[in-house]
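Asker: After the structure tokens below, expect a handful of questions from me.
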Amino acid sequence: MISQLFVLSQRGDNIVFRDYRGEVQKGSAEIFFRKVKFWKEDGQEEAPPVFNVDGVNYFHVKVVGLLFVATTRVNIAPSLVLELLQRIARVIKDYLGILNEDSLRKNFVLVYELLDEVIDFGYVQTTSTEMLKSYVFNEPIVVDAARLQSLGPAAIFMQGPKRMPGTAVTKSVVATEPGGRRREEIFVDIIEKISITFSSSGYILTSEIDGTIQMKSYLTGNPEIRLAFNDDLSIGRGGGSGYDYRSSSGSGAVILDDCNFHQSVRLDSFDMDKTLSLIPPDGEFTVMNYRLTQEFKPPFRINPLIEEAGALKAEVIIKVRADFSSSITANTIMVMMPLPKYTTRASFELEPGALGQTTDFKEANKRLEWGLKKIVGGSEHTLRAKLTFSPESHGNITKESGPVSMTFTIPMYNASKLQVKYLQIAKKSGTYNPYRWVRYVTQANSYVARI
Amino acid sequence: MAPPVQSQRSPSPSQPSGKGEVSDLKLQLRQLAGSRAPGVDDSKRDLFKKVISYMTIGIDVSSVFGEMVMCSAASDIVLKKMCYLYVGNYAKVNPDLALLTINFLQRDCKDEDPMIRGLALRSLCSLRVANLVEYLVGPLGSGLKDRSSYVRTVAVMGVLKLYHISASTCIDADFPAILKNMMFNDSETQVVANCLSALQEIWSSEASTSEEASREREGLLSKTNVYYLLNRIKEFSEWAQCLVLELVAKYVPSEGSEIFDIMNLLEDRLQHANGAVVLATIKVFLQLTLSMTDVHQQVYERIKAPLLTLVSSGSPEQSYAVLSHLHLLVMRAPFIFSSDYKHFYCQYNEPSYVKKLKLEMLTAVANESNTYEIVTELCEYAANVDIPIARESIRAVGKIALQQYDVNAIVDRLLQFLEMEKDYVTAEALVLVKDLLRKYPQWSQDCIAVVGNISSKNVQEPKAKAALIWMLGEYSKDMHDAPYILESLIENWEEEHSAEVRLHLLTAVMKCFFKRPPETQKALGAALAAGLADFHQDVHDRALFYYRLLQYNVSVAEHVVDPPKQAVSVFADTQSSEIKDRIFDEFNSLSVVYQKPSYMFTDKEHRGPLEFSDEVGNISIGIESAGTVVPVQRVEANDKDLLLSTSEKEESRGPSNNGSVYSAPSYDASAVSAAASQTLLELAISNPTVSGHAPQPSLEIDDLLGLGLPVEPAPAPSPPPLKLNSKAALDPSTFQQKWRQLPISLSQEHSISPEGVAGLTAPQALLRHMQGHSIHCIASGGQSPNFKFFFFAQKAEESSTFLVECIINTSSAKAQMKIKADDQSLSEAFSALFQSALSKFGLL
């Protein structure tokens, strides 16, 4: 069972502090924060999410810069506590619309109300936003949604061109809109994270897609929902474990290695018509997580090259090619490459007419950074960087640079080809036609090219 | 909600602003207390918020207790809730004032609104004031019977709170019995779950003093109870499911079919998106199948995919918790995961604690088919910007080399590391090359050539320097410069800060002297002189010892300091398998993340209500504290044959710990209790026979500890033909318990045949053979020449169990058997069966 639960700001201030069992000393938040801040003298390693100081176990998760912490003296299941902390953050977000330090400070009494109902004497009672509604009486004080980063991957929909009603996902499940009516709508987000490693010759060493389908429902009356996927979707790779790059030879079938589901999901007709049915609870939740190691077409090809030019100079050339349709645009792209320790200077040369690109040489950790606001499908971009080295002894330049890594976000694109064919809301009423939003996005998790 | 009245005064509860603010608040509250003006509730709310925000940041606002209570007499529920929170926080330090609140809390407990009843009851129970408990019993009693399930869930927790304030009041009011009744009859699953939590805590804590409580606690694990909960499991919230699963993991099914029923029932829990549910389910599967090797292995296969999915979905923190568990399983049964090695590749943006786990997993799963790829990947990390990880990666390469797969190619890689000319890479590689040479002396030529090129000036880290010096001493014959390098190192004796390096230097120069006396004599003299003058006791003593030894007789000295060495076959494991098994038993707990059994980081009182098996399982504590001496067996889980490979493969990760000298198979070297080792040491020394035939500590100590009981006269023969149950199941803790309780009914010694000895090179074969005869191995261990096996068998159609301890010494070709049985009259017959099984294997 949990003894205390608290939320700390980035600076270590208590925003809420709830002691459930009085078994852990009051100063625990301070002990915790000091430990996390100075985990290793050199500050290089960050503290693990679970650690023990003088018989007290501290668990923490970081959400939008806030630290959600639980303490206990007993030998409890760590996954339970960490999952719970994450869930508490999500419930709070459901209530406040936006989760950040400001909104939390303004609504701390409401948060106390929630925490009182979520946990009693250290035992979890419920984390269902819906059930909690009947126990919580404070109304959220809504903070300004503009330019605030919200919780979770869906936040990316708020960036860039306004293709989504961005503010909608930041509204509280309990707040009423001006005019007293709630807008009936439901969001389904298919979020995929790509991990890929290219060898120095451009061959794919490992690749994986980790996908999650998030839902956020603002529908009244909890109608049943049916979510239909492409017909050629299947789960499980016939006992074959691990990575075997069986070519899917143009069939285009989507074979998930494995997946898991929210407990409201029913799979009765999944095998027959690839349909999930569920009664979505209020608030945001994960319908399904999936994992796929099947071969797929990587959205970007990275081509790094290092040419030595004399004893103390070298040139780095990085080419990035977008291998997706020109109707799709990736945004917030960042390409990074560690350079040898003895690099003293880097001067950059962008392609002629380059727009919205930034370059930087981070002196402190000797890293090259190349930012691109957007990349249109089918295009290719090149960066040239001339490096100057200090005259100290140095070894193999190629061995001591790299790997090149890349982060990006591609809205309305998913690498796995998993599709939601339709989203059906079972409610018998001619006039009832809620807004349905099905959104795709792909992000880089670990996108790496070796040199 | 209306805008805050004081919003101009920066509502952010930034930092403590002192006493003035508090007395200001007190005044304002007092003014509002009696007021009935419109809008007064809003003003009160704002003041209350302020009080609570001060409370949160640690300012003592207990002085406004009276005013808070007065203000909240109104019916505004938001106010009430804030007041409850406040009161709960300060009642303990203000017991007199707390009395003030009793009245209105009791009244609220009878409110029409179930919300208010529940809230009031919860607050009432949270006061934590001992002299107020008399006021709790009444409201709790009616709360437990309330028609609202919300109030009942609160009341059940209230009972537990009451128990912690005053156990006797709780027991006297007979609340545990009521909860037990509710657990089986309440329609609301959260009430049931809370009853289970509360009863586990109450009965566990009572169990030490009350036999009844102890029985009740065991009763929670009864088939009826477990099945009742299992059948409803899908109605429970995901968190309550975890609670139930944790209980089920402790359940010992009486027949094999139950195991499959339970697993089939829980199968779909493995697909749950909540990692906590999945891990709790996995624990059940693992525990249930412990004694069924094949099924156990199937479980590993089955849980692989869900675990990998959890690792890659969810928050990084959650992923770490799951990865720690995956790590444990990989270390136990690496071969099952050997084709999944790519999942353990590190990603550049992962935190070091994740990378470390992954490196260990990669090391463990390396086998003939994947070593090349794994080592290639590890070499990529060696050039990593993250230096600690680069070091770990190099160490991982070395460990894989020590595991014997494709050493050839790996040695080349290690030598390449030495040529990379990065200080830390060189340092790590030197240490590894040294270990490698200890295991594969045949590589010395290749290694020496490269090591000889390293300038000792570029090696600064003590460990690496010591390794280099060791190689200089050991291979001084082949390393042309050895005496001169040593000499220059000795010249800088004063600057050498590490005692470890100086010790190595002394030994190395001695070894060098024996091989090349004329060249080394001068250096040796200088080293001994410096050593004798050394302020470090160990260095001084060693120098003196060498000096006297040389004085006495040079060839004796050589024999002592530089005897012909045997290659090291297995490096000692830093963690004994006893500890690993403890951790495995505590699957799905912090033990797995910390890689330590719970007794190492938790006080006894906090080990939690789930620690049922404490008395039975806790061997290492037993030996430390018990007045009664307990025979210590290293009882291993029955998937031992999965494990042998792990434990034997691991090499030492650092300086051996105190206990490692005693890593003999049959008792616990791991307790890491110096005291225990000490005692054993003394025992061993005081026994004159020990030195005679050294590698038999197990027997000696068992005898000393009183295990070797005199042989009992065998009961009269003529038993009916005995048939054994081929699907017998027994969990390790039950085995231990029985082993301790039962007397030895038969003790025999047999000679074994040479063929049998040869067959024991692969003990698994014996285990499989015995299983074919319905005799199951629950634990085994040891290294040539001593092997120890624990077997069990059950009579067909009866639950009568036989236990056997079988110690085989291959060098003396003797097998010792001790048989214990539930039904002693059958032990003769069983012994005959056992022997015939052994002889069919060719042992007898």
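Those sequence lines, one after another, are chains U and X.
Using my numbering, you'd call the opening residue of the first sequence number 1 and step up by one each time.
Using my numbering, you'd call the opening residue of the second sequence number 1001 and step up by one each time.
Ideal Cβ positions, reconstructed from N, Cα and C, are used throughout, including at glycine.
1) Please list, in chain order, all residues of the same chain as V1206 of chain X whose beta carbon is under 6 Å from its beta carbon, the five residues on each side excluded.
2) With the cut-off set at 8 Å, would you say S401 of chain U and I306 of chain U are in Cβ contact?
3) Over what stretch of residues does the alpha helix (DSSP H) that includes H1559 of chain X continue unbroken?
4) For S1197 of chain X and I31 of chain U, I'd like the C-alpha separation in whole angstroms.
5) In angstroms with no decimal places, state the Cα-to-Cα distance between W1443 of chain X and V1570 of chain X.
6) Since I235 of chain U sits in a beta bridge, which residues does DSSP pair it with?
7) Which full runs of the alpha helix (DSSP H) of 4+ residues lie inside the segment 71-126 of chain U, going along the chain?
8) Take E224 of chain U as the anchor and find which of U:L8, U:S277, U:S128 has the nearest alpha-carbon.
9) In chain order, what residues of the segment 251-285 of chain U put their CB closer than 7 Å to some CB of chain X?
10) Taking Cβ positions, are L96 of chain U and L8 of chain U nearer each other than 8 Å?
11) Which residues of chain X have a Cβ atom closer than 9 Å to the Cβ of R436 of chain U, listed in chain order?
12) Can you tell me which residues form a DSSP beta bridge with C1777 of chain X?
13) When burial is assigned at 16 or more other CB atoms within 10 Å of the CB, is R11 of chain U buried or exposed?
14) Using 8 Å as the threshold, is the segment 53-64 of chain U in touch with the segment 76-93 of chain U, meaning 3 or more CB pairs across them?
15) Taking the beta carbon of E1350 of chain X as the centre, do at least 16 other beta carbons fall within 10 Å, making it buried, or is it exposed?
16) Using CA coordinates, which residue listed in U:D116, U:G122, U:F121, U:I141 is at the minimum distance from L132 of chain U?
17) I need the straight-line Cα distance from P1564 of chain X to A1813 of chain X, nearest angstrom please.
18) Inspect the beta-carbon positions of N260 of chain U and P1306 of chain X and report whether they are closer than 8 Å.
19) So what does DSSP say about E45 of chain U, is it helix, strand or coil?
20) Jot down the residue ranges of each uninterrupted alpha helix (DSSP H) in the segment 1095-1127 of chain X, minimum 4 residues, whole runs only, in chain order.
21) Please specify which runs of the beta strand (DSSP E), each continuous and at least 3 residues long, are wholly inside the segment 405-439 of chain U, giving them in chain order.
22) Determine the direct distance from the alpha carbon of I209 of chain U to that of Q419 of chain U, and round the result to whole angstroms.
23) Beta carbon of K1439 of chain X, beta carbon of V1568 of chain X: below 8 Å?
24) Excluding the 5 residues preceding and the 5 following E184 of chain U in the sequence, name in chain order all residues of the same chain whose CB lies nearer than 6 Å to its CB.
25) Restricting to Cα atoms, I'd like to know which of X:Y1552, X:W1493, X:M1770, X:N1553 is closest to H1536 of chain X.
26) Please report the distance separating the alpha-carbon of V1093 of chain X from that of I119 of chain U.
27) Could you tell me which uninterrupted alpha helix (DSSP H) segments, each at least 4 residues in length, are contained entirely in the segment 1478-1537 of chain X, listed from first to last along the chain?
28) For Y135 of chain U, which residues in chain X fall below 9 Å Cβ to Cβ?
29) Any idea which residues DSSP pairs M1817 of chain X with across the strands?
30) Along the segment 1284-1310 of chain X, what residues have a CB closer than 8 Å to any CB found in chain U?
31) Are the beta-carbon atoms belonging to I1374 of chain X and Y1381 of chain X less than 8 Å from one another?
32) Specify, as a first and last residue, the run of the alpha helix (DSSP H) that H1327 of chain X falls within.
33) Measure the CB-CB distance between T71 of chain U and N52 of chain U and report whether it falls below 8 Å.
34) Return the residue from the list X:R1107, X:I1057, X:A1120 that minimises the CA-CA distance to V1087 of chain X.
35) Any heavy atom of the ligand NAP closer than 7 Å to the Cβ of E1421 of chain X?
36) Just checking my contact of L1047 of chain X with L1029 of chain X at CB under 8 Å: how many whole Å lie between their CB atoms?
Answerer: Straight from the coordinates:
1) Taking the first residue of the second sequence as position 1, residue 1206 of chain X is located at position 206. Note that residue 1206 of chain X is Glu in the sequence shown, not Val. A1213.
2) Here residue 401 of chain U is taken as the residue at index 401 of the first sequence, counted from 1. Here residue 306 of chain U is taken as the residue at index 306 of the first sequence, counted from 1. In contact: S401 of chain U and I306 of chain U (Cβ atoms closer than 8 Å).
3) Mapped onto the second sequence, residue 1559 of chain X falls at position 559. 1554-1561 is the extent of the alpha helix (DSSP H) around H1559 of chain X.
4) In the second sequence, the residue the question calls residue 1197 of chain X occupies position 197. In the first sequence, the residue the question calls residue 31 of chain U occupies position 31. Answer to the nearest angstrom: the Cα atoms are 29 Å apart.
5) To locate residue 1443 of chain X, count along the second sequence from 1; it is residue 443. To locate residue 1570 of chain X, count along the second sequence from 1; it is residue 570. Distance between the alpha carbons of W1443 of chain X and V1570 of chain X is about 17 Å.
6) Residue mapping note: residue 235 of chain U aligns to position 235 of the first sequence, counting from 1. Answer by DSSP bridge pairing, in chain order: U:L256.
7) 78-96, 101-106, 108-118
8) Taking the first residue of the first sequence as position 1, residue 224 of chain U is located at position 224. Considering only alpha carbons, the answer is U:S277.
9) For the segment 251-285 of chain U, which is checked against every Cβ of chain X, the residues closer than 7 Å are D257, D258, C259, N260, F261, H262, Q263.
10) To locate residue 96 of chain U, count along the first sequence from 1; it is residue 96. To locate residue 8 of chain U, count along the first sequence from 1; it is residue 8. No, these two residues do not count as a Cβ contact at 8 Å.
11) Translated into the one-based positions of the first sequence, residue 436 of chain U becomes position 436. Those within 9 Å of R436 of chain U in chain X number zero; the least Cβ separation is about 22 Å.
12) On the second sequence, residue 1777 of chain X is found 777 positions in, with the first residue counted as 1. Note: C1777 of chain X sits in a beta bridge opposite X:F1791.
13) Here residue 11 of chain U refers to the residue found at position 11 when the first sequence is read from its first residue. Burial call: exposed.
14) The answer is yes - the segment 76-93 of chain U touches the segment 53-64 of chain U, with three or more Cβ pairs under 8 Å.
15) What you label residue 1350 of chain X is simply residue 350 of the second sequence in a count that begins at 1. It counts as buried.
16) If you number the first sequence from 1, residue 132 of chain U lands on position 132. With distances taken between Cα atoms, L132 of chain U lies closest to U:D116.
17) By one-based count along the second sequence, residue 1564 of chain X stands at place 564. By one-based count along the second sequence, residue 1813 of chain X stands at place 813. Cα to Cα, P1564 of chain X sits roughly 28 Å from A1813 of chain X.
18) In the first sequence, residue 260 of chain U corresponds to position 260, counting from 1. In the second sequence, residue 1306 of chain X corresponds to position 306, counting from 1. Result yes, Cβ atoms of N260 of chain U and P1306 of chain X sit closer than 8 Å.
19) Numbered from 1 along the first sequence, position 45 holds the residue referred to as residue 45 of chain U. E45 of chain U falls in the coil class under three-state DSSP.
20) Entirely contained in the segment 1095-1127 of chain X, the alpha helix (DSSP H) runs reaching 4 residues are, in chain order, 1095-1108, 1114-1125.
21) The segment 405-439 of chain U contains, as complete beta strand (DSSP E) runs of 3+ residues, the segments 420-426 (chain order).
22) Position 419 of the first sequence holds residue 419 of chain U. Position 209 of the first sequence holds residue 209 of chain U. Spanning the two alpha carbons is a distance of roughly 14 Å.
23) Taking the second sequence and counting its residues from 1, one reaches residue 1439 of chain X at position 439. Taking the second sequence and counting its residues from 1, one reaches residue 1568 of chain X at position 568. Against a cut-off of 8 Å, the Cβ pair of V1568 of chain X and K1439 of chain X comes out as a contact.
24) Stepping through the first sequence from its first residue, residue 184 of chain U is reached at position 184. Same-chain partners within the cutoff: L219, P434.
25) On the second sequence, position 536 is the one that residue 1536 of chain X refers to. Per the Cα distances, X:W1493.
26) If you number the second sequence from 1, residue 1093 of chain X lands on position 93. If you number the first sequence from 1, residue 119 of chain U lands on position 119. Near 23 Å, if we compare the C-alpha coordinates of I119 of chain U and V1093 of chain X.
27) 1482-1491, 1499-1515, 1517-1532
28) On the first sequence, position 135 is the one that residue 135 of chain U refers to. Residues of chain X passing the Cβ test: M1115, G1118, L1119, Y1150.
29) Counting from 1 along the second sequence, the entry for residue 1817 of chain X is found at position 817. As computed with DSSP, M1817 of chain X is found in a beta bridge with X:Q1748, X:C1806.
30) E1301, K1304, A1305, P1306, L1308, T1309, L1310
31) Here residue 1374 of chain X is taken as the residue at index 374 of the second sequence, counted from 1. Here residue 1381 of chain X is taken as the residue at index 381 of the second sequence, counted from 1. No.
32) Stepping through the second sequence from its first residue, residue 1327 of chain X is reached at position 327. Note, H1327 of chain X: alpha helix (DSSP H), 1316-1332.
33) Counting from 1 along the first sequence, the entry for residue 71 of chain U is found at position 71. Counting from 1 along the first sequence, the entry for residue 52 of chain U is found at position 52. Contact flag unset, no.
34) Within the second sequence, residue 1087 of chain X is the residue found at index 87, counting from 1. For V1087 of chain X, the nearest C-alpha among the options comes from X:A1120.
35) In the structure shown, the ligand NAP is absent, as is every other ligand, since no ligand is present at all.
36) Translated into positions along the second sequence, residue 1047 of chain X becomes position 47. Translated into positions along the second sequence, residue 1029 of chain X becomes position 29. Contact flag correct, Cβ pair sits at about 6 Å.
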